[in-house]
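Protein chains in written order, with my numbering: chain A, 138 to 395; chain B, 440 to 519.
Here is the structure we will look at, set down as structure tokens.
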Amino acid sequence: MASTSTRIDHAALFAVLSSLADNKQAVGRRYAFWCNGAPTLEAAVAAAAMTQDELGHARTLYPLLDNFAQAEADLAQVEPETRTLHYHLRFLDQEFQGWTDFVATNFLADIAFTTFLEAAQNSSYEPLRLRSRKMIQEERLHALHAEGWVRRLAEAGGAVRAALLASLTRLWDETLCWFGPDDEPMMNRLASEGILNATPDVLRQRYLDKVMPLLSSLDLELPSTFNATTKHWEPAGSLPWSRWKPESRRLEEPGDGI
Amino acid sequence: MNEMIENPTKKPPRREQLDEHTVWHVYARQKYEEPLHEVGNVVADDIELAKVYACSIFDEFSWVEMVLIPRSSIVTVISN
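Structural data, given as structure tokens:
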């Protein structure tokens, strides 16, 4: 455990790392359920491998929280075993309703977190820089799996394609919101201090440039438009910022308790 | 009677729509000085998924090379 004198006082980094660790943990737990329920034996083994990776990522991220002064407020919150705060996407609160929820999470959420990690590959915060590179390496296989299954389910047509689109749609807004509003102080501070190499709007744009070409090629209609002038994908319409909470980095409903 | 025979225009159930049919033989080696040898096979219609499955399933060693060969490309020369 870090001593008080060696702890870093950085609320923004502490908050974002908490959310990233919680999301990795939640994704791993949701994937785990499908280790023996995927549509094929091969996909089940891949789900087991990705479960291990995601839980492994969470285990390398949680110990970082102990290095922050913000951890002193409640030391139980830096250990996954005793943590009661859950700053993961709301979509991950419930068990997946089907394989399409798995694929949507694999494609949308997992790639969003990887977009964040890619922006930290040369981070001025060394512990994140070192972990990012290893995690990005492992995430390459996850992305191939996600893209392969999005193609497969979309091309199956009928009810399968409709279920995939419904899962992607349910996760869409919250995933785009996870990067924060364009003017969010926390993420902008990380960018200005070289902890990340991009501001929230740029991260969101990089993310859309990753996921939209495949979705667009499959005619899966999600609210994003291609800007021919900038040559980038952009969110179409406004995101539900009134329901987005910066502390938990998730969409909340009235009466939600975290 | 089989539901598909009763109504041949009806689409197969979701689960069957997702069945894979393409078999890939997986070859790998741990050292460059040794030849590639067959370590098993995977079934996937999407080549990218086949790669993911091969890496996930046959991850017990640190391979220096792994390749996939579609079963359909194998030419039988002798078959007694």
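From the three backbone atoms N, C-alpha and C, an ideal C-beta is built for every residue, glycine too.
Item checked: C-beta contact flag for Arg167 of chain A and Leu212 of chain A at 7 Å -> No, the Cβ-Cβ distance between Arg167 of chain A and Leu212 of chain A is not below 7 Å.
Notebook entry, point to check: So which residues of chain A does Ile508 of chain B contact, with C-beta pairs closer than 8 Å?
Noted result: Listed by position along chain A, the residues whose Cβ is nearer than 8 Å to that of Ile508 of chain B form an empty set, because the closest Cβ is around 16 Å away.
Check: Which chain B residues are close to Leu278 of chain A, counting only those with a beta carbon under 9 Å from its beta carbon?
Finding: Chain-ordered, the chain B residues with CB closer than 9 Å to the CB of Leu278 of chain A read Lys490, Val491, Cys494 and Ser495.
Check: Comparing alpha-carbon positions, which option in A:Glu179, A:Ser269 and A:Ala328 lies nearest Gly285 of chain A?
Finding: In this structure, A:Glu179 is the residue among A:Glu179, A:Ser269 and A:Ala328 with its C-alpha nearest to the C-alpha of Gly285 of chain A.
Item checked: Buried or exposed (CB count within 10 angstroms, at least 16 for buried), Gln342 of chain A -> Its Cβ being crowded by 16 or more others within 10 Å, Gln342 of chain A is buried.
Checklist line | Span separating the alpha-carbon of Ile395 of chain A from that of Gln207 of chain A | finding: The pLDDT assigned to Ile395 of chain A is 49, lower than 50, so where the model puts this residue is not dependable; a value taken from the coordinates is nonetheless given after this. Between Ile395 of chain A and Gln207 of chain A, the C-alpha separation is close to 18 Å.
Next item on the list: Flag Gly285 of chain A as yes if its beta-carbon sits less than 7 Å from any beta-carbon of chain B, otherwise no.
Entry: It does; some Cβ of chain B falls within 7 Å.
Check: Of the residues that make up the region 465-480 of chain B, which ones have a beta carbon closer than 8 Å to any beta carbon in chain A?
Finding: Interface annotation for the region 465-480 of chain B against chain A: empty, criterion Cβ-Cβ distance under 8 Å.
Item checked: From A:Arg227, A:Leu198 and A:Leu226, residue whose alpha carbon lies closest to that of Gln214 of chain A -> By alpha-carbon distance to Gln214 of chain A, the top candidate from A:Arg227, A:Leu198 and A:Leu226 is A:Leu198.
Checklist line | Partners in chain B for Leu281 of chain A, counting only beta-carbon separations shorter than 8 Å | finding: Chain-order list of chain B residues neighbouring Leu281 of chain A: Glu487, Leu488, Lys490 and Val491, by C-beta distance under 8 Å.
Next item on the list: State yes or no: is the beta carbon of Glu499 of chain B nearer than 7 Å to at least one beta carbon in chain A?
Entry: It does not: the Cβ of Glu499 of chain B has no partner Cβ on chain A nearer than 7 Å.
Item checked: Euclidean distance between Cα positions of Pro509 of chain B and Glu477 of chain B -> Each residue's alpha carbon lies about 13 Å from the other.
Checklist line | Residue-chain proximity (Arg167 of chain A, chain B), Cβ-Cβ < 7 Å | finding: Chain B, which has no Cβ nearer than 7 Å to the Cβ of Arg167 of chain A, makes this no.
Notebook entry, point to check: Between the Cα of Leu359 of chain A and the Cα atoms of A:Ser379, A:Asp310 and A:Leu327, which residue gives the shortest distance?
Noted result: The residue among A:Ser379, A:Asp310 and A:Leu327 with its C-alpha nearest the C-alpha of Leu359 of chain A is A:Asp310.
Checklist line | Limits of the unbroken beta strand (DSSP E) element including Ala463 of chain B | finding: Sequence check: residue 463 of chain B is Trp here, not Ala. Unbroken beta strand (DSSP E) run through Trp463 of chain B: Val462 to Arg468.
Check: At a Cβ cut of 9 Å, what residues of the region 177-188 of chain A count as close to chain B, listed as they run along the chain?
Finding: Hits within the stretch, in order: Thr177, Leu178, Glu179, Ala180, Val182, Ala183, Ala184, Ala185, Ala186 and Met187.
Margin query: Could you pull the DSSP bridge partners for Met505 of chain B from this structure?
Written below: B:Ala467.
Notebook entry, point to check: With respect to the beta strand (DSSP E) encompassing Phe244 of chain A, which residues constitute its N-terminal and C-terminal limits?
Noted result: Where Phe244 of chain A is concerned, there is no enclosing beta strand (DSSP E), given that its DSSP letter is neither H nor E.
Note to self: Counting only beta-carbon separations shorter than 7 Å, does Arg386 of chain A have a partner in chain B?
What the structure shows: No, its Cβ sits nowhere closer than 7 Å to a Cβ of chain B.
Check: According to the neighbour-count rule (16 or more other Cβ atoms, all chains shown, within 10 Å of its Cβ), is Glu384 of chain A buried or exposed?
Finding: Per the 10 Å Cβ criterion, exposed.
Note to self: Using beta carbons (cut-off 7 Å, strictly below), is Arg270 of chain A in contact with chain B?
What the structure shows: Arg270 of chain A does not count as touching chain B.
Note to self: Just to confirm, is the Cβ distance from Val462 of chain B to Val482 of chain B under 7 Å?
What the structure shows: Between Val462 of chain B and Val482 of chain B, the C-beta gap is smaller than 7 Å, which places the two residues in contact.
Item checked: Ser157 of chain A versus His225 of chain A - alpha carbon distance -> Here residue 157 of chain A turns out to be Leu, not Ser, going by the sequence shown. So the alpha carbons of these two residues sit roughly 8 Å apart.
Margin query: Can you give me the C-alpha to C-alpha distance between Thr188 of chain A and Ile496 of chain B, rounded to a whole angstrom?
Written below: If I take the Cα positions, the gap works out to 14 Å.
Checklist line | Amino acids of chain B, ordered along the chain, whose beta-carbon sits closer than 8 Å to that of Arg326 of chain A | finding: Neighbours of Arg326 of chain A in chain B, taken as residues whose beta carbon is under 8 Å from its own, are absent, since the nearest beta carbon is some 37 Å off.
Check: Alpha carbon to alpha carbon, what distance is there between Leu376 of chain A and Phe151 of chain A?
Finding: Pairing Phe151 of chain A with Leu376 of chain A, the inter-Cα distance amounts to about 25 Å.
Check: Using a C-beta cutoff of 7 Å, does Leu355 of chain A count as contacting chain B?
Finding: Not closer than 7 Å to any Cβ of chain B, the Cβ of Leu355 of chain A fails to qualify, so no.
Note to self: Between Arg298 of chain A and chain B, is any beta-carbon pair separated by less than 7 Å?
What the structure shows: No, because no Cβ of chain B sits closer than 7 Å to the Cβ of Arg298 of chain A.
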